[in-house]
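Report on one structure; see the data block that follows.
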Amino acid sequence: MNDVPSIVVDQLVKQFGAFIAVNQVSFQIRAGEIFGLLGPNGSGKSTIIRMLCGLLTPSSGSATVVGFDAARQAEEVRQHIGYMSQKFSLYNDLTAIENLQFFGGLYGVKGRALDERIAWAIKMSGLAGSEQLLTGELSGGWKQRLALGCAVLHRPQVLFLDEPTAGVDPLSRRQFWELIHQMSREGVTTLITTHYMDEAEYCNRLALIDEGRIVEMGTPTEIKQTAIKGDLLLIECSPLGGGLAAIKQAPGVLEASVFGAALHVVVSAGRQPLTELPAFLAAHDVRVGRIEPIRPSLEDAFVSLTGSRALGSEPSQ
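What follows is the structure, given as structure tokens:
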């Protein structure tokens, strides 16, 4: 990874009628960097990627990809990028190798170069011995890696991944991320959208997006350290709803949200919440089972920055 930006986005706006999907977004991504757009569905992540791919024209602002203007030089941009969505864009009635041959042809890869790239993609995806299977018969994880192979057959400098792990089992997701890091080490720049906090941790840097705006940007560690303005506590209590209502009125409590079967509560630094809050909650007929300080997660950071709990965790399969 070097300091030369592969992607430069400056005050990008996309408006559909009266609705502003992307609102003055700016960021830069260095060559070889894995950059994540983290936010709930409908926050504008996919719209940003489509503008960078030249599939949508910005309402205002600018974006360049490997030096080409994404709006005015869309064809040149497409020659240097790979794109993969959660739909995978594969043809289920073709075999795995036929999909690779088809997409290689679309990218203009021919002859010996195509044969070499297909052999690489089959090895990379772990499909050796299964390349003649119909794509529709492959599992979600195999389809995912096949789609990635199709997207990078032409050795793009930049890879756009739009929710590529949605609906894929956790093991396949971790294997997929190993491939992304391998390509990063080879200099490929990756922009990935996600609403899974666990996989956002794999990114070099993140932009947290809510309602079309970037609300925070930095490394996962930086975001977790700076977003919470106080000390974070986990409180298990009963009833949970009554505990949430009561704790918001407690002295020194800055924020409180439900996380699973417990509360995450931000308190002013320097107070003594472990002794103060149980007595306060008991006075409001709330029984405390456990209370302890915890380290903030990306979801805690997102909640603190936006006031809404709308992100996902690793799905169970």
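Throughout the sequence shown, residue numbering follows the numbering used here, covering 40 to 356 in sequence. For each residue, glycine too, the CB sits at the ideal point set by N, CA and C.
Inset, instruction - Would you list the one or two residues that DSSP bridges to residue 255? - result: 247
Inset, instruction - Within the region 300-349, note down every full alpha helix (DSSP H) run reaching 4 residues or more, in order along the chain. - result: 312-322, 337-345
Legend entry - Separation of residue 177 from residue 93, as counted between CA atoms: 31 Å
Inset, instruction - Can you have a look at residue 156 and say buried or exposed, based on whether 16 or more other CB atoms are within 10 angstroms of its CB? - result: buried
Legend entry - Length-filtered (4 minimum) alpha helix (DSSP H) runs lying within the region 199-249: 209-224, 236-239
Legend entry - Given residue 218 as reference, the closest of 190, 148, 139 once Cα atoms are compared: 190
Inset, instruction - Tell me, please, which residues DSSP counts as bridged to residue 173. - result: 134
Legend entry - residue 292 beta carbon less than 8 Å from that of residue 270: no
Legend entry - Rounded straight-line distance, which links the Cα of residue 152 to that of residue 206: 33 Å
Inset, instruction - Please name the residue or residues paired with residue 271 in a DSSP beta bridge. - result: 305
Inset, instruction - Report the rounded CA-to-CA distance for residue 311 versus residue 321, giving the unit in angstroms. - result: 16 Å
Legend entry - Residue range of the alpha helix (DSSP H) that includes residue 152: 150-164
Inset, instruction - With DSSP collapsed to three states, give me the class of residue 354. - result: Residue placement at residue 354 is poorly supported in this model, since its pLDDT is 42, which falls under 50; the coordinates still yield a value, given next. Of the three classes helix, strand and coil, the one that applies to residue 354 here is coil, per DSSP.
Inset, instruction - Could you please give me the residues that DSSP links to residue 78 through a beta bridge? - result: In the DSSP output, where bridge partners are listed per residue, residue 78 has none listed.
Legend entry - Three-state class that DSSP yields for residue 85 in the structure shown: helix
Legend entry - Same chain, Cβ closer than 6 Å to residue 227, neighbours up to 5 away in sequence not counted: 198
Inset, instruction - Have a look at residue 308 and residue 255 and give me their C-alpha separation to the nearest angstrom. - result: 22 Å
Legend entry - Close beta carbons around residue 267, own chain, < 8 Å, minus the five adjacent residues each side: 305, 335, 339, 340, 343
Legend entry - Three-pair Cβ contact test at 8 Å for the region 110-123 versus the region 278-292: no
Inset, instruction - Give me the Cβ distance between residue 188 and residue 223, rounded to the nearest whole Å; I'm assuming they're in contact under 8 Å. - result: Rounded, the Cβ-Cβ distance is 16 Å, inconsistent with contact.
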